[in-house]
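Residue numbers for the sequence shown follow our numbering, beginning at 51 and rising by one.
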Amino acid sequence: MAKMKQHGKRDAYTANLLISLLIRFSEILSLNFDMPQDRCKFTFMLAGKQNRDEATRFRKALHDSLDTYAELTGEAFSVEVALTTSRRLNLLELTSDTTQLSLEAIQLICGLVGEFFGDALLKDAESSDSTRDEDFGRHEEIIDYLLTHSAGMRQDNLIAFREAGRVYVFDK
51 MAKMKQHGKR
61 DAYTANLLIS
71 LLIRFSEILS
81 LNFDMPQDRC
91 KFTFMLAGKQ
101 NRDEATRFRK
111 ALHDSLDTYA
121 ELTGEAFSVE
131 VALTTSRRLN
141 LLELTSDTTQ
151 LSLEAIQLIC
161 GLVGEFFGDA
171 LLKDAESSDS
181 TRDEDFGRHE
191 EIIDYLLTHS
201 AGMRQDNLIA
211 FREAGRVYVF
221 DK
């Protein structure tokens with residue numbers, strides 16, 4: 051039988067952040083927050099055949115949007131884009147520094163992914179159907195609070211993913 055190690059308040063911050071992000075943004079397939087390395091990876095699943103040209107166009111649109119975001123807010127935000135293709139399903143991975151994250155930047159990224167890939171972007175139907183608008187607002191408040199009060203999260207390396215309307219969080 052596997053032993054569970056007891057985690058303190060510090061670990062709960064990152065776990066709650068990942069859970070709230072996956073509940074609020076049903077288009078995110080998985081998240082990996084590697085706080086010691088200051089890296090976070092957002093993974094999205096795309097249906098159909100996606101080619102490298104589309105990834106290049108998306109990368110340009112994302113960088114243009116992030117440049118505009120930086121001009122408006124004064125906050126620089128950079129994202130690395132990787133597309134892993136297969137015949138019918140593709141993984142779009144967006145990686146950035148955890149210290150640069152804000153709710154607004156995450157909303158921008160998810161909105162742009164949804165707008166650019168449209169129906170090809172797979173979402174958790176169970177999650178989005180069961181989550182009401184007031185729940186979105188509550189989760190956005192939690193996300194914003196946890197991102198701005200992240201001092202206790204410096205040692206966490208967690209991965210979270212969704213499956214059939216449920217969110218799972220694991221310590222790497």
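Backbone N, C-alpha and C fix where the C-beta goes; we use that ideal spot for every residue, glycine too.
Go through its chain and collect everything with a Cβ distance to residue 126's Cβ below 6 Å, but skip five positions before and after it. Within the same chain, 120 come within 6 Å of residue 126 by CB-CB distance, once the 5 residues on both sides are set aside.
Excluding the 5 residues flanking residue 135 on each side, which residues of the same chain have their C-beta closer than 7 Å to its C-beta? The residues are 100.
Residue 118 versus residue 65 - alpha carbon distance: About 31 Å.
Can residue 96 and residue 142 be called in contact, C-beta distance under 7 Å? In contact: residue 96 and residue 142 (Cβ atoms closer than 7 Å).
What are the boundary residues of the beta strand (DSSP E) that residue 91 is part of? For residue 91, the enclosing beta strand (DSSP E) covers residues 89-97.
Enclosing beta strand (DSSP E) for residue 130 [first to last residue]: Its beta strand (DSSP E) spans residues 130-134.
Where residue 179 falls, given that 16 or more other Cβ within 10 Å makes a residue buried: Residue confidence is low: residue 179 scores 49 on pLDDT, short of 50, so the model does not pin down where it sits. Its coordinate-derived value is still stated next. Exposed: under 16 other Cβ atoms inside 10 Å.
Beta-carbon proximity list for residue 168, same chain, < 6 Å, skipping 5 on both sides: Closer than 6 Å at the Cβ level, and outside the excluded window around residue 168, lies no residue.
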